[in-house]
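Residue numbers (this note's numbering): 55 to 144.
Before any comments, here is the structure.
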């Protein structure tokens, strides 16, 4: 049985706060779901056998990348949409 874990509150999309985003390297992922277990926002899901990350709620804390035993997740700097080249959200 899978326990109920915290899920993002639909009213507050907190993804705009992050300065880095997790990127999945699918070739390294073995679907162990450790990232899912440790995600404090509950924004990691498994759909049709693949890991997905709801970036509307991901705060970019990096816990998923830190806990992944295969280094399948890495954090990359967030870029401002429509911003000038090299402009970040920080």
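Don't be surprised by glycine CBs; every beta carbon is placed ideally from N, CA and C.
For residue 91, the uninterrupted alpha helix (DSSP H) segment begins and ends at 88-92.
The beta carbon of residue 117 lies closer than 6 Å to those of 92 in the same chain, with the five residues before and after it left out. The DSSP assignment places 74-78, 98-101, 104-107, 127-131 as complete runs of the beta strand (DSSP E) inside the segment 74-137, in order along the chain (cut-off: 3 residues). 68 is the residue among 68, 86, 128 whose C-alpha sits nearest the C-alpha of residue 94.
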